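Engineer: Before I ask anything, here is the structure I am working with.
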Amino acid sequence: MMTSSEPSRVGHTVRKKSWTDLAVFGGKPAFPEKLHVGRPNIGNRQRLLERIDAALSRRWLSNNGPLVQELEQRISQFIGVKHCVATCNGTIGLEIAIRTLGLSGEVIVPSFTFVATAHALQWLNLTPIFCDVDLHTHNIDPHQVERWITPRTTGIVGVHLWGRPCEVEKLAEIAARHRVALLFDAAHAFGCSHQGRMVGNFGNLEVFSFHATKFFNTFEGGAIVTADDALAAKARAMRDFGFASHDEVIEAGTNGKMSEVCAAMGLTGLECLDEFIAANHSNYQRYQTELADLPGIRLLPFEGNEKFNYQYVVVEVDDTITQITRDQMLDVLQAENVLARRYFHPGCHRMEPYRSRFPDAGLPVTEMLAERVLVLPTGTAVAADEVSGVCEIIRLLVAHGAQLRDVLASRAART
Ligand code: T4K
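Add 935 to the 1-based position in the sequence shown for this note's numbering, that's all there is to it.
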């Protein structure tokens, strides 16, 4: 199916023969247009506009409309989970899930995540207790979780970072043994599986983000999924001010509803998931081939016979080997119009209000990864030859690492 999401190119890529041609030194940027991390996957524009048109004709724009109901049903089927409650974004989804589980006191959460994970707890006056992550998977380290459990702990929030599922069995065992709730922030992991089961089937509840930058988007949006009837009913009421029926309020709820126009985008995107995955997968494979064996550059692998959405292409830069630092590399890439990102720098524990509260959080792996990780552009808006162009620049930087480190450092010192 042809969709409107194929990359469109204006102008040509400029090839760098020598490091002196780099844009940071006055050369022409390699790419005439900016390459983003998280350029939205659009899907079939015509289907989207038809759906929006139908919603306008129905004059039903929000409040659990037919498109939202259809999206929830399709997502439940896709994941194989009983309940899906669509929300206006992932952050509100997390807040509703946290309240639905009745969490209080302290909740254990990784610091190496988008700050929304921690803020959702803080916003509800809970105390996020930051836990370190595993060096290889970047996910919450179950052994470290045990370390932080106290009588005040009521829950654990795992984040399936980059779409790679957490060690869900170990976390479930720890949560059961300590009688605390287990919630997953699955913002990155829509369409991914663990041991053949789709993400969305683990813990007490899981929460997706369908933000524009995500693999599957509803402009803004999210969803809470669970197999538990009571939790689903509670989350559904909380999403709608606490209403259980027209005149009956059973909870102090909020407004977390998804609009019909967002659901229209979601339904259209669901029909194009295979195309999104194919584009991401092929970009990932190209990065893998072209960055293979590059000293000091580790591309995080997607391993095993599982489903992945390949939305985040993540490299670790070990500057004891590359010499050029991750941040110098980022500056060079940005000048070439490659808007790579250093997600998630600094860790949440280095941001306010957490930094003042936990000055000595003691999270060595998080600290190290926050200094090493670079996320590279991919998605349906990024073409194969653009991926090759990005890899070519990275190879050039590594080949002249020591020289560039010094030149860039002395330039920075002069400015
Ligand atoms: N948990 C986790 C683990 C998360 O990663 C997130 C969100 C959440 C929870 C919360 O879910 P939501 O409440 O957002 O549903 C972006 C996204 O805004 C955020 O949703 C996402 N994680 C995070 C990882 O990335 P920023 O601050 O990096 O966004 P921004 O504006 O810099 O955009 C990123 C890139 O995408 C830029 O290069 C521009 C490009 N872009 C962005 C938008 C919105 C486009 O090309 N088109 C667009 O429409 O946070």
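Glycine is no exception: its CB is placed at the ideal position from the N, C-alpha and C atoms.
Values in this document were obtained by computation on a predicted structure and should not be read as measured data.
Here's the rule I'm using: 16 or more other beta-carbon atoms within 10 Å means buried, otherwise exposed. How should Asn1218 be labelled?
Structural biologist: Locating residue 1218 in the sequence shown gives position 283, where the first residue counts as 1. The residue is buried, with at least 16 neighbouring Cβ atoms inside 10 Å.
Engineer: Kindly indicate the opening and closing residues of the beta strand (DSSP E) around Ala1227.
Structural biologist: Here the question's residue 1227 lines up with position 292 in the sequence shown. From DSSP, Ala1227 is part of no beta strand (DSSP E); its letter is neither H nor E.
Engineer: State buried or exposed for Leu1332, treating a residue as buried only when at least 16 other CB atoms are found within 10 Å of its CB.
Structural biologist: Residue numbering aside, residue 1332 sits at position 397 when the sequence shown is read from its first letter. Looking at its Cβ environment, which holds 16 or more other Cβ atoms inside 10 Å, Leu1332 is buried.
Engineer: What distance in whole Å lies between the Cβ atoms of Asn1152 and Gly1204, which are believed to be in contact at a cut-off of 8 Å?
Structural biologist: For the purposes of this step, residue 1204 is taken as residue 269 along the sequence shown, with counting starting at 1. For the purposes of this step, residue 1152 is taken as residue 217 along the sequence shown, with counting starting at 1. Right, the Cβ-Cβ distance comes to about 6 Å (below 8 Å), so this counts as a contact.
Engineer: Which residues have their C-beta within less than 6 Å of a heavy atom of the ligand T4K, listed in chain order?
Structural biologist: The filter returns His971, Val972, Gly973, Arg974, Pro975, Asn1024, Gly1025, Thr1026, Thr1048, Phe1049, Ala1051, Thr1052, Val1094, Asp1120, Ala1122, His1123, Ser1144, His1146, Ala1147, Thr1148, Gly1157, Leu1274, Tyr1278, in chain order.
Engineer: Give the C-beta separation of Cys1326 and Leu1226 to the nearest angstrom, bearing in mind that I take them to be a contact with Cβ-Cβ under 8 Å.
Structural biologist: Translated into positions along the sequence shown, residue 1326 becomes position 391. Translated into positions along the sequence shown, residue 1226 becomes position 291. The Cβ separation is near 6 Å, so the contact holds.
Engineer: Between Ile1259 and the rest of its own chain, which residues show a CB-CB distance below 6 Å, the 5 nearest in sequence each way excluded?
Structural biologist: By one-based count along the sequence shown, residue 1259 stands at place 324. If we look at Ile1259 and ignore the five residues flanking it on each side, its Cβ neighbours are Leu1332, Gly1336, Leu1339, Arg1340.
Engineer: Just the C-alpha distance for Ala1170 and Asp1262, rounded to the nearest angstrom, thanks.
Structural biologist: Position 235 of the sequence shown, counted from the first residue, corresponds to residue 1170. Position 327 of the sequence shown, counted from the first residue, corresponds to residue 1262. Taking the straight line joining both Cα atoms gives about 42 Å.
Engineer: Which of the three DSSP states, helix, strand or coil, is assigned to Asn1240?
Structural biologist: Counting from 1 along the sequence shown, the entry for residue 1240 is found at position 305. Asn1240: coil per DSSP, three-state reduction.
Engineer: Are there three or more Cβ pairs, one per stretch, closer than 8 Å when the segment 1124-1142 is compared with the segment 1064-1079?
Structural biologist: Too few Cβ pairs lie closer than 8 Å, so no.
Engineer: In whole angstroms, what separates the C-alpha of His1284 from that of Cys1019?
Structural biologist: The residue you call residue 1284 lines up with position 349 of the sequence shown. The residue you call residue 1019 lines up with position 84 of the sequence shown. Rounded to the nearest angstrom, the two C-alpha atoms are 31 Å apart.
Engineer: So if DSSP puts His1018 in a beta bridge, which residue, or which two residues, is it bridged to?
Structural biologist: Counting from 1 along the sequence shown, the entry for residue 1018 is found at position 83. According to DSSP, which records beta bridges pairwise, His1018 is partnered with Thr1161.
Engineer: Span of the beta strand (DSSP E) holding Gly1093?
Structural biologist: To locate residue 1093, count along the sequence shown from 1; it is residue 158. Unbroken beta strand (DSSP E) run through Gly1093: 1088-1094.
Engineer: Could you check whether Ser1128 and Glu1241 sit closer than 8 Å to each other, using their CB atoms as the reference points?
Structural biologist: Position 306 of the sequence shown holds residue 1241. Position 193 of the sequence shown holds residue 1128. Yes, these two residues count as a Cβ contact at 8 Å.
Engineer: Look at the alpha carbon of Ile1033 and the alpha carbon of Thr1089, and state the distance between them as a whole number of angstroms.
Structural biologist: In the sequence shown, counting from the first residue as 1, residue 1033 sits at position 98. In the sequence shown, counting from the first residue as 1, residue 1089 sits at position 154. Those two C-alpha atoms are separated by around 10 Å.
Engineer: Report buried or exposed for Asn905, applying the criterion of at least 16 other Cβ atoms within 10 angstroms of its Cβ.
Structural biologist: For residue 905 there is no data in the structure shown, the boundaries of the chain being 936 and 1350.
Engineer: Rounded to whole angstroms, what is the Cα-Cα separation between Ala1187 and Val1322?
Structural biologist: Residue 1187 sits at position 252 when you count from the first residue of the sequence shown. Residue 1322 sits at position 387 when you count from the first residue of the sequence shown. Roughly 48 Å separates the two Cα atoms.
Engineer: With Asp1253 as the anchor, note down where its alpha helix (DSSP H) starts and where it stops.
Structural biologist: Sequence index remark: in the sequence shown, residue 1253 carries index 318 (1-based). Careful: Asp1253 lies outside any alpha helix (DSSP H) and carries neither H nor E.
Engineer: Take Gly1282 as the anchor and find which of Val1184, Ala990, Leu1038, Ile1064 has the nearest alpha-carbon.
Structural biologist: Here residue 1282 refers to the residue found at position 347 of the sequence shown. The shortest Cα separation from Gly1282 among Val1184, Ala990, Leu1038, Ile1064 belongs to Ile1064.
Engineer: Are Val1308 and Val1248 close, meaning C-beta to C-beta below 8 Å?
Structural biologist: Residue 1308 sits at position 373 when you count from the first residue of the sequence shown. Residue 1248 sits at position 313 when you count from the first residue of the sequence shown. It is not a contact, given that the beta carbons lie outside the stated cut-off.
Engineer: Once you ignore the five residues that flank Leu996 on each side, which residues in its own chain have a CB closer than 8 Å to its CB?
Structural biologist: Along the sequence shown, one-based indexing puts residue 996 at 61. If we look at Leu996 and ignore the five residues flanking it on each side, its Cβ neighbours are Ala990, Ser1194, Glu1195, Val1196.
Engineer: Relative to the C-alpha of Gly1131, which candidate in Leu957, Val1103, Ser1345 has its C-alpha closest?
Structural biologist: Reading the sequence shown from its first residue, position 196 is the one you call residue 1131. Selected option, being the one with the closest Cα: Val1103.
Engineer: Nearest to Ala1147 by alpha carbon, out of Gly1135, Ile1091, Gln1246?
Structural biologist: Taking the first residue of the sequence shown as 1, we reach residue 1147 at position 212. Nearest of Gly1135, Ile1091, Gln1246 to Ala1147, Cα basis: Gln1246.
Engineer: Compare the C-alpha of Thr1257 against each of Ile1329, Leu1070, Ala1051, Ala1053 and name the closest.
Structural biologist: Start at 1 with the first residue of the sequence shown, and residue 1257 comes out as number 322. Checking every option, the nearest Cα to that of Thr1257 belongs to Ile1329.
Engineer: My assumption, with CB atoms under 8 Å, is that Asn1074 sits in contact with Val1044. Please give the rounded CB distance.
Structural biologist: In the sequence shown, residue 1074 corresponds to position 139, counting from 1. In the sequence shown, residue 1044 corresponds to position 109, counting from 1. About 12 Å separates the two Cβ atoms, so there is no contact after all.
Engineer: Given a cut-off of 8 Å on the beta-carbon distance, is the pair Thr1048 and Leu1096 in contact?
Structural biologist: Residue numbering aside, residue 1048 sits at position 113 when the sequence shown is read from its first letter. Residue numbering aside, residue 1096 sits at position 161 when the sequence shown is read from its first letter. The answer is yes: Cβ separation under 8 Å.
Engineer: Entirely within the segment 1046-1119 and at least 4 residues each: give me those alpha helix (DSSP H) ranges in chain order.
Structural biologist: Qualifying alpha helix (DSSP H) stretches, in chain order: 1050-1058, 1077-1083, 1103-1112.
Engineer: How close, in whole Å, do the beta carbons of Pro1299 and Asp1067 come, if the pair is a contact with beta carbons under 8 Å?
Structural biologist: Translated into the one-based positions of the sequence shown, residue 1299 becomes position 364. Translated into the one-based positions of the sequence shown, residue 1067 becomes position 132. Contact flag correct, Cβ pair sits at about 7 Å.
Engineer: With a cut-off of 8 Å on the beta carbons, I'd call Phe1143 and Gly1025 a contact; round off their distance for me.
Structural biologist: As a position in the sequence shown, residue 1143 is number 208, starting the count at 1. As a position in the sequence shown, residue 1025 is number 90, starting the count at 1. Indeed they touch by this definition, with Cβ atoms about 6 Å apart.
Engineer: What are the partner residues of Asn1190, as DSSP defines its beta bridges?
Structural biologist: Position 255 of the sequence shown, counted from the first residue, corresponds to residue 1190. Paired residue(s): Asp1175.
Engineer: In three-state DSSP terms, what is Val1317?
Structural biologist: Taking the sequence shown and counting its residues from 1, the one referred to as residue 1317 is at position 382. Three-state result, Val1317: coil.
Engineer: On the CB-based measure, 16 or more other CB atoms within 10 Å of its CB, does Glu1007 come out buried or exposed?
Structural biologist: Taking the first residue of the sequence shown as 1, we reach residue 1007 at position 72. Flag for Glu1007 reads buried.
Engineer: Could you pull out every residue in the same chain whose Cβ sits closer than 6 Å to the Cβ of Lys963, ignoring the five residues on either side in sequence?
Structural biologist: To locate residue 963, count along the sequence shown from 1; it is residue 28. Once the five neighbours on either side are set aside, the close Cβ partners of Lys963 are Val949.
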